[in-house]
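Residue numbers (numbering that gives the first Met the number 0): 0 to 466. Each remark here refers to the structure printed beneath this line.
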Amino acid sequence: MTRLIEANPVTRIEGHAKVSIEIDDAGNVVDATLQVLEFRGFEKFVQGMQVELMPTLTTRICGTCPHAHHLAAAKALDRVFSVDPPRSAVLLRGLLNCGSMIHSHAIHFFALAGPDLFVPPGAPASERNVLSLLRAEPELVQNALRLRSVGQRIAELVGGRGTHPVTCVAGGMAAGIDVEAREHARRLAAEAVTLAQFALRAGGSVLERRPEALITLPIACHDMGTVRDGALELYDGTLRVCRSDGSVAKEFSAEEYGDVMVERALPRSYAKQVAFRDPAQGLVAYRVGPLARLNVVDRIETPMAADALGRFRERWGKPCADVVAGHFARLVELLHHAEKAAALLEDDAILDPSVRTPITATPRRGIAHVEAPRGVLIHDYDVEENGLVRSANFVVATQHNLWAINSSIRCAAEGVLDGDDEQVLSAVEFAIRCHDPCLSCSTHQVGAMPLDVTVARGGQILRRVRR
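Encoded structure:
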């Protein structure tokens with residue numbers, strides 16, 4: 000008999016989601032699917048618009064990582080108009096991305112995923128939230144929220160706005176920063192380094208206290224991330240895909256994505272799923288994001304994060320298949336972004352007032368990518384000669400990660416289907432949060448945010464649990 004339990008609002012999941020779990024006659028999980036219920040129409044309604052508007056317009060796709068869309072759109076416009084931004088603009092764009100990463104990683108680990116890790120296992124859902132975490136670890140939460148604010152302020156100094164930046168344009172930046180803004184950003188970056196070191200110690204400590212949690216979701220698959228000469232890169236590099244044994248399957252530019260990635264519409268979800276063409280294995284699933292990025296890089300070039308990467312690999316190896324270890328990978332990256340922001344601000348070229356290269360070329364198709372907090376983000380604009388968008392395509396991190404998310408849900412659900420409703424919901428949510436999905440980004444809609452889990456056998460619903 001189907002049971003329906005309502006719990007509202009959903010806790011710590013970004014967007015509208017429904018999970019379907021199919022079991023066989025023996026009660027084994029044979030399929031698990033995250034169904035994204037939001038519809039995103041951006042690819043359609045930007046058609047016919049001036050392509051110059053894309054960096055500002057596409058920030059509205061998502062309020063969680065608007066800076067990544069701003070940067071990807073601006074980089075794509077550089078390709079549209081065949082123009083190379085000056086060095087000062089590249090430095091500023093890199094700094095904007097660092098601020099965004101600091102903000103997003105801090106808020107996810109401590110406010111969204113943190114209660115899963117710091118609040119004792121078995122605590123009721125009403126206690127697994129940031130308020131309980133604040134009571135238990137006040138210094139930790141205060142530092143984490145300050146770190147979030149520091150990242151947001153850095154992004155605001157460069158991007159003009161904290162949430163929907165406006166300064167990145169075709170050929171560079173609409174405005175640079177002055178000496179006073181640079182000094183302010185320097186102080187913020189130095190504070191971010193200190194806070195990120197604290198976060199890494201605190202996060203590493205709790206993860207080490209929960210060794211059983213770290214091996215609950217072993218998902219071996221291909222990994223994709225951005226590298227430059229093998230080093231971790233956020234803004235400008237090539238895409239590298241590594242197999243589950245660590246070997247490199249391919250390294251390619253964003254312009255080649257249509258040749259190596261296959262997007263597929265799903266029958267029960269508004270999010271497209273993407274597969275990779277492995278030259279040796281054919282179409283395969285893969286993941287992106289902090290864990291994937293650390294799996295594909297040879298090294299990190301900022302010293303403290305490089306040391307943290309070494310400790311990460313001593314603990315989990317290379318590559319690491321344990322999805323939960325992605326939380327620690329996020330903290331390693333957090334420290335790197337803070338160090339990188341500080342390093343960028345030491346380059347005097349960042350004050351050069353010449354921040355934009357004039358546009359003279361006729362528009363054409365432009366494709367570019369950046370690393371968003373959740374992974375690889377691709378913007379693709381096919382543009383008419385008059386500068387209007389003929390067609391557009393966005394490939395966001397949650398689309399890359401759909402297979403890995405579904406596999407994690409299946410793995411998490413296998414041991415709890417006979418448990419009570421709260422156990423089922425908690426296990427599914429924990430698995431989803433490990434990937435930090437942005438469902439509003441993979442689609443788009445305003446409204447309520449329920450999580451609906453359906454368990455079925457042979458098309459017949461056996462159980463339905465909702466929060």
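Here a beta-carbon is modelled for each residue, glycine too, at the ideal position from N, C-alpha and C.
- Between residue 320 and residue 218, the gap from beta carbon to beta carbon is short of 9 Å.
- In the three-state reduction of the DSSP assignment, residue 260 falls in the strand class, which pools E and B.
- Judged by DSSP in its simplified three-state form, residue 420 adopts helix.
- About 23 Å separates the CB atoms of residue 247 and residue 262; that is not less than 8 Å, and the two are not in contact.
- According to DSSP, residue pairing for residue 227 in a beta bridge involves 230.
- When the alpha-carbon of residue 237 is set against those of 243, 244, 228 and 245, the nearest one is in 228.
- With a 10 Å radius around the Cβ and a threshold of 16 neighbouring Cβ atoms, residue 138 comes out exposed.
- For residue 106, the enclosing alpha helix (DSSP H) covers residues 86-106.
- Apart from sequence neighbours up to five positions away, the residues of its chain that approach residue 53 with a beta-carbon distance below 6 Å are 72, ordered along the chain.
- At least 9 Å separates the beta-carbon of residue 333 from that of residue 94.
- Judged by DSSP in its simplified three-state form, residue 197 adopts helix.
- The DSSP-derived three-state label of residue 294 is helix.
- When secondary structure is reduced to three states using DSSP, residue 122 falls in the coil class, being assigned neither helix nor strand.
- For residue 281, the uninterrupted beta strand (DSSP E) run begins and ends at 281-283, by DSSP.
- In this structure residue 338 is buried. Its beta-carbon is surrounded by 16 or more other beta-carbon atoms within 10 angstroms.
- Per DSSP, the unbroken beta strand (DSSP E) holding residue 238 starts and ends at 237-241.
- Residue 43 counts as exposed, since fewer than 16 other C-beta atoms from the protein chains shown sit within 10 angstroms of its C-beta.
- Spanning the alpha carbons of residue 260 and residue 253 requires a straight line of approximately 10 Å.
- Nearest C-alpha to residue 358 among 245, 77 and 342: 77.
- Within the model, the alpha-carbon separation for residue 361 versus residue 169 is close to 13 Å.
- Boundaries around residue 66 are those of the alpha helix (DSSP H), 65-79, since no beta strand (DSSP E) includes it.
- Under the three-state reduction of DSSP, residue 58 is assigned to helix.
- Counted as a single uninterrupted DSSP element, the stretch harbouring residue 252 is not any beta strand (DSSP E), since DSSP gives it neither H nor E.
- Around the beta carbon of residue 372, a 10 Å sphere encloses 16 or more other beta carbons of the protein chains shown; the residue is thus reported as buried.
- One Cα belongs to residue 326, the other to residue 108, and the distance between them is close to 7 Å.
- Under DSSP, residue 33 takes part in a beta bridge, and its partners are 18.
- Residue 454 sits in a strand when the DSSP states are folded into three classes.
- For residue 265, no beta strand (DSSP E) encloses it, and the DSSP letter there is neither H nor E.
- Contact between residue 369 and residue 233 holds, since their C-beta atoms are separated by about 7 Å, short of 8 Å.
- Sequence-distant Cβ neighbours of residue 161 in its own chain, meaning closer than 7 Å and more than five residues away, are 151, 154 and 155.
- Distance from the CA of residue 409 to the CA of residue 430, rounded to the nearest whole angstrom, comes to 9 Å.
- Beta-bridge analysis with DSSP links residue 273 to 262.
- Non-local C-beta neighbours of residue 128 in its own chain, meaning closer than 6 Å and more than five positions away in sequence, comprise 114, ordered along the chain.
- In chain order, 367 place their CB closer than 6 Å to the CB of residue 74, counting only its own chain and leaving out the 5 sequence neighbours on each side.
- Counting along the chain, no alpha helix (DSSP H) covers residue 390; the unbroken beta strand (DSSP E) around it starts and ends at 388-394.
- In the three-state reduction of the DSSP assignment, residue 413 falls in the coil class.
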